[in-house]
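Single-structure report; data block below.
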Amino acid sequence: MTQRSDATPSPVHLEAVDAPGQPTPSAALDELYRSFEKELLVPLWTEIGDLMPAHPQSKAQPHLWRWNDLLPLAERAGELVPVGRGGERRAIALANPSLGGRPFVAPTLWAAIQYLMPGEDAPEHRHTQHAFRFVVEGEGVWTVVGQDPVPMRRGDFLPQAGWNWHAHHNATEKPMAWIDGLDIPFQYSAEAPFFEFGRERLSDAEHGTPDRSRSERLWGHPGLRPLASPAGGRGTPLLAYRWEHTNRALADQLELEAEGHPGTVEPGHAAVRFCDPSTGSDVLPTIRAEMHRIRPGVQTQPVQEVGASVYQVFDGSGTVTVGSQRWTVTRGDLFVVPSWQPFSVRSEAGSSDSDSGSLDLFRFSDSPIFEALGLHRTHEPTR
Ligand code: GTQ
Ligand code: FE2
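In this text, residue positions in the sequence shown follow numbering that gives the first Met the number 0: the first is 0, and each later residue adds one.
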């Protein structure tokens, strides 16, 4: 039998406090608490407020990262940091200020800026983490998913479900930056992740630069499901959702509204969700992705939701309120809305850097996790 030495400090630390719902402090209570510590026991009555709050109390904080700060640092990393086997990706993660310095934007979500220099390849690998890319500016990189080269351009959303082999190559003369979203923190805390290195080099075919991926030729036709392809994989078979389509869907919603027809989620606020064309559900088992367009001058209703969201301003500018934080945001800026924090946004009139004249917000969240488990809730305090 092994015995713990009394010299080993217990990781459990209990303190008697004179507070409602707590036992009256005494020498005997202290003695009981020391014995609990020694046996590695923790009573519920000292922990209940933290463990079982009346509503979610995220450890994460609302926080904003400015594109104008991120991009030059990614460019500098492009000069100093090679990309290759081992490190795998020149990706720089957003670290929420209250998650202990871990590279986690939220307790479940990873968000990073990734950068690839002209002619560079990011090597092939696969992992159980679900992932996507979103492009706020530039083009020239093909992400190669399951040996299918997929071009990436401004406004495109490129999901990639877990365990698919993937690599990226820059086939142009210019560097390119984009953002990655993954469920790395979720799988890390669930102790679920697996990872494998792929081949050392991509084939000539994989280095190809087609205008459309094979996946789009098969799956990218509205309302049309290829009979030859079995459905029901985990995650969408469509590897690119093109800006041309997203933009038209949002513009049409606002036009329908202007003509007096239903279409928008609230006045002046159009929104679409990226979905799996074979099932109609979220693109990835753990990640939801959406694009929102808010007409200038419109203020959205505050919403609270279980789970975290990360937003990137795609176009336009506005004022964002998250809990007690307020920021003015513009193209490329990224911010996190922790679980159950009220979120609303006001689109600024006549912003000159907007193609549509509106505020366009890309959003991703961990909602599918909570929906799958019956834990999802939303609340609109002012409605
Ligand atoms: O591009 O494959 O930001 O595996 C983090 C992990 C990107 C990627 C990230 C990854 C990737
Ligand atoms: Fe990866």
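Every residue, glycine too, gets a C-beta built ideally from N, C-alpha and C.
- Query: By how many angstroms is the C-alpha of Arg292 removed from the C-alpha of Phe361?
  - Reply: 9 Å
- DSSP on Gly83, reduced to helix/strand/coil? coil
- Message: What residue range does the beta strand (DSSP E) around Gln159 cover?
- Response: 156-159
- Item | CA-to-CA distance, Glu38 to Pro8, given in whole angstroms | 12 Å
- Check whether the Cβ atoms of Arg200 and Asp120 lie closer than 9 Å to each other. yes
- Item | Boundaries of the beta strand (DSSP E) in which Glu138 is found, first to last residue | 138-144
- Since Leu63 sits in a beta bridge, which residues does DSSP pair it with? Phe334
- In the DSSP assignment, what residue or residues form a beta bridge with Tyr114? Ala176
- Glu205 Cβ short of 8 Å to ligand 2 heavy atom set: no
- Task: Using the Cα positions of Asp286 and Ala6, report the straight-line distance between them to the nearest angstrom.
- Result: Just to set this straight, residue 286 is Ile in the shown sequence, not Asp. Answer to the nearest angstrom: the Cα atoms are 46 Å apart.
- Rounded to a whole number of angstroms, what is the C-alpha to C-alpha distance between Gly118 and Glu195? 24 Å
- Message: Considering only their Cβ atoms, is the gap separating Val312 from Val336 smaller than 9 Å?
- Response: no
- For Gln303 versus Pro341, is the C-beta distance shorter than 9 Å? yes
- Item | Coarse secondary structure for Pro261, derived from DSSP in three states | coil
- Task: Could you tell me which uninterrupted alpha helix (DSSP H) segments, each at least 4 residues in length, are contained entirely in the segment 17-75, listed from first to last along the chain?
- Result: 26-37, 47-50
- Query: ligand 1 heavy atoms versus the CB of Leu399: any closer than 8 Å?
  - Reply: With the chain covering only 0 through 382, there is no way to say anything about residue 399.
- Bridge-paired residues (DSSP) for Leu358: Ile293
- Item | Heavy atoms of ligand 2 versus C-beta positions, residues under 7 Å | Glu87, Arg88, His124, His126, Ala130, His165
- Task: In the DSSP assignment, find the beta strand (DSSP E) that holds Gln311 and state where it starts and stops.
- Result: 308-314
- Message: Just to confirm, is the Cβ distance from Ala111 to Leu181 under 9 Å?
- Response: yes
- Message: Could you check whether the Cβ of Gln186 sits closer than 8 Å to any heavy atom belonging to ligand 1?
- Response: no
- Task: Please list, in chain order, all residues of the same chain as His124 whose beta carbon is under 8 Å from its beta carbon, the five residues on each side excluded.
- Result: Glu87, Trp164, His165, Ala166, Phe194, Glu195, Phe196, Gly197
- Query: CA-CA distance, Asp147 and Asp155?
  - Reply: 16 Å
- Query: Roughly how many angstroms lie between the CA atoms of Ser364 and Pro209, to the nearest whole one?
  - Reply: 30 Å
- Is any heavy atom in ligand 1 found nearer than 8 Å to the beta carbon of Gln146? no
- In this structure, does DSSP put Glu256 in helix, strand or coil? helix
- Residues near Ser214 in its chain [Cβ-Cβ closer than 8 Å; skip 5 each side]: Val144, Asp147, Val149, Pro236, Leu237, Leu238, Ala239
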